[in-house]
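Heads up: the structure comes next, in structure tokens.
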Amino acid sequence: MLLLRVGVDVDYPLAVVVLAVIAVAAESGKAGVTRLAAMSLSSVMIGVAVVLCGPIGAAIVGIAGPGLVLSRTPLDGRAYNAAMSGWTGLLGGVAYLVVGGVEGGTVDSLFFELVWPLTVATTAMLITNAVLLVLIVTTTSDTNAMRAWRDFSQASAVPYYGGGLITFLIVVLWVGAGLGPATIPVMLGPLVLAQAAYSGLRADESTREETVTTLIAAVEARNPHWAGRSGVVARICEVLGAHLRLSDAQMIQLNAAARLHNIGLVRPLHQHQAIQPQRRINLLAHPQRGVEMLSQLEFLHDALPAVQAHHERWDGSGYPFGLAGERIPLLARVLAVGDLFAAELARATAADDPARFRTALAATRFAAGTRLDPQLVDALAAVVDNGRLIDALKEVELLRPDPFDHDRPDVADAIIGRTPQAAT
């Protein structure tokens, strides 16, 4: 029975053409909006095709959008996008029919023959798109598959299910009210509003990223030795956070803190043998100064505790508040490990990466139980030993060693007035 319903309904060839044209227009307009906004409108058209035209019709609409649009995207990229959208439409259409959806025509039970099947189809489309995107991302980069899956699913769930609601309204008007293709002009307002909402959402995220990037550039411009430092620390913290199974929200906060933790360090340190009292006061105040500088940016508020406490020490001898042990926020403790390891990695002079990492790890281990949380140092050792951290940093440019790096153990001890100890 299912096989008899797979083809394009002969009563709806016009629907395939109309929906395909709109999908092409959505893809053509993505230069003026975000990719996610274009995808949301295209997915609505594919969803409508699932109901009106069946799996094959939905696949045709899916292929048409990225396949026929005129753009500067390389041919192989367009071909992949077209294939991905085609599979999304095909599998969404099959899922719709499998759970009892009615192709075209009227329905006897609105919930069981349209709402429920359309929800299942939307979920199938979301999963198909996520799987194919994760596949291409993980095969062309070192991105962790589970992290890529979470990121895409979170970013796409609202557009897909919001688009599913619009799909339902279009189908009801197209079939139930008998408007046919005239439904599209009627629904043009909601479609434009939905696209603008998704575009605005992504634009806000883009603006936030640009703000963070600008702040990082301002920090790193103060000292040539700092170039790339925040990126290395952030990458180390990302690997550590994944090993510790931090939540997505914690990972976002940790990434922001790792990239901006030195924003309050106004001037680089040029000597540490005899740090003048006023200079020491300024150095001890830089975490709090960083919090004050970032506090006006609401989207960074959750990262501020880690920025403020990243120089607290496990034994209570750190600053600015002398917190000890687990009174120090977890993300600040993770950041402290990443910060010191990055400093030691810059100092290591071994010829190959594994040796450099082992040298840096040995120096970092020396701070376990005094400066650093010993369990987190063990976690660092685990991601070095299993190669994940080495792999994550292999594409990162080597840091320049800074003899007056305030994170180096000897300099850091001098700042808090402690006699530096030699590693054994």
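Just so we're aligned: the sequence shown equals residues 33 to 456 in this note's numbering.
The beta-carbon is built from N, C-alpha and C at its ideal position, and this holds for glycine as well.
Remember, it's a predicted structure, so these values are computed and weren't measured experimentally.
Kindly indicate which residue of 192, 193, 189 and 163 has the alpha-carbon position closest to the one of residue 180.
163
Given residue 73 as reference, the closest of 56, 264 and 87 once Cα atoms are compared:
Minimum Cα distance to residue 73 is reached at 56.
Checking the sheet assignment: what are the DSSP bridge partners for residue 404?
400
So is residue 57 in contact with chain B if we call contact Cβ pairs under 8 Å?
This model lacks chain B altogether; it includes just one protein chain.
From residue 215 to residue 271, what does the alpha carbon distance come to, in whole angstroms?
49 Å
Simplified DSSP state of residue 283, which is helix, strand or coil
helix
Backbone CA spacing between residue 113 and residue 287 [nearest angstrom]:
30 Å
Look up residue 117 in the DSSP assignment and say whether it is helix, strand or coil.
In the structure shown, residue 117 sits in a helix (DSSP, three-state: H, G or I).
Below 8 Å between beta carbons: does that hold for residue 345 and residue 402?
Against a cut-off of 8 Å, the Cβ pair of residue 402 and residue 345 comes out as a contact.
Reduced DSSP category for residue 134 - H, G, I as helix; E, B as strand; rest coil:
coil
To which residues of the same chain is residue 63 closer than 6 Å at the C-beta, ignoring the five residues directly before and after it?
For residue 63, the pLDDT reaches just 41, beneath the cut-off of 50, and the residue's location in the model is therefore unreliable, leaving the point undetermined.
Do the region 74-83 and the region 119-136 touch if we need at least three Cβ pairs shorter than 8 Å?
yes
Could you compute how far the alpha carbon of residue 134 sits from the alpha carbon of residue 145?
If you take the alpha carbons of residue 134 and residue 145, they lie about 6 Å apart.
Output yes or no for whether 8 Å exceeds the beta carbon distance between residue 84 and residue 203.
Contact check for residue 84 against residue 203 passes: the beta carbons are separated by less than 8 Å.
Short Cβ contact (8 Å threshold) for residue 167 with residue 188:
no
For residue 371, the three-state DSSP class (helix, strand or coil):
helix
In terms of residue numbering, what span does the alpha helix (DSSP H) encompassing residue 344 cover?
Counting along the chain, no alpha helix (DSSP H) covers residue 344, and no H or E run does either.
Once DSSP output is grouped into helix, strand and coil, what is the label at residue 161?
helix
Given this structure, state the Cα-to-Cα distance separating residue 97 from residue 53, to the nearest angstrom.
8 Å
Do residue 338 and residue 375 have their C-beta atoms within less than 8 Å of each other?
no
Reducing DSSP to helix, strand and coil, say where residue 192 ends up.
helix
Between residue 3 and the rest of its own chain, which residues show a CB-CB distance below 7 Å, the 5 nearest in sequence each way excluded?
In this structure the chain extends from 33 to 456, so residue 3 is not present and cannot be described.
How big is the Cα-Cα spacing for residue 201 and residue 108?
Rounded to the nearest whole angstrom, the C-alpha separation of residue 201 and residue 108 is 35 Å.
Is the separation between the beta-carbon of residue 148 and that of residue 126 shorter than 8 Å?
no
Under a Cβ-count criterion, where at least 16 other Cβ atoms within 10 Å of its own Cβ denotes burial, should residue 474 be classed as buried or exposed?
What is shown of the chain runs 33 to 456, which leaves residue 474 out entirely.
Supposed close pair residue 326, residue 336 - CB separation, criterion 8 Å:
6 Å
Between the C-alpha atoms of residue 413 and residue 323, what's the straight-line distance to the nearest angstrom?
30 Å
Cβ separation of residue 259 and residue 290, assumed to be a contact under 8 Å, to the nearest whole Å
In fact, because the Cβ distance is near 16 Å, the residues do not count as touching under 8 Å.
With a threshold of 16 other CB atoms inside 10 Å of the CB of residue 405, please say whether the residue is buried or exposed.
Classification of residue 405: buried, given that the 10 Å Cβ count is 16 or more.
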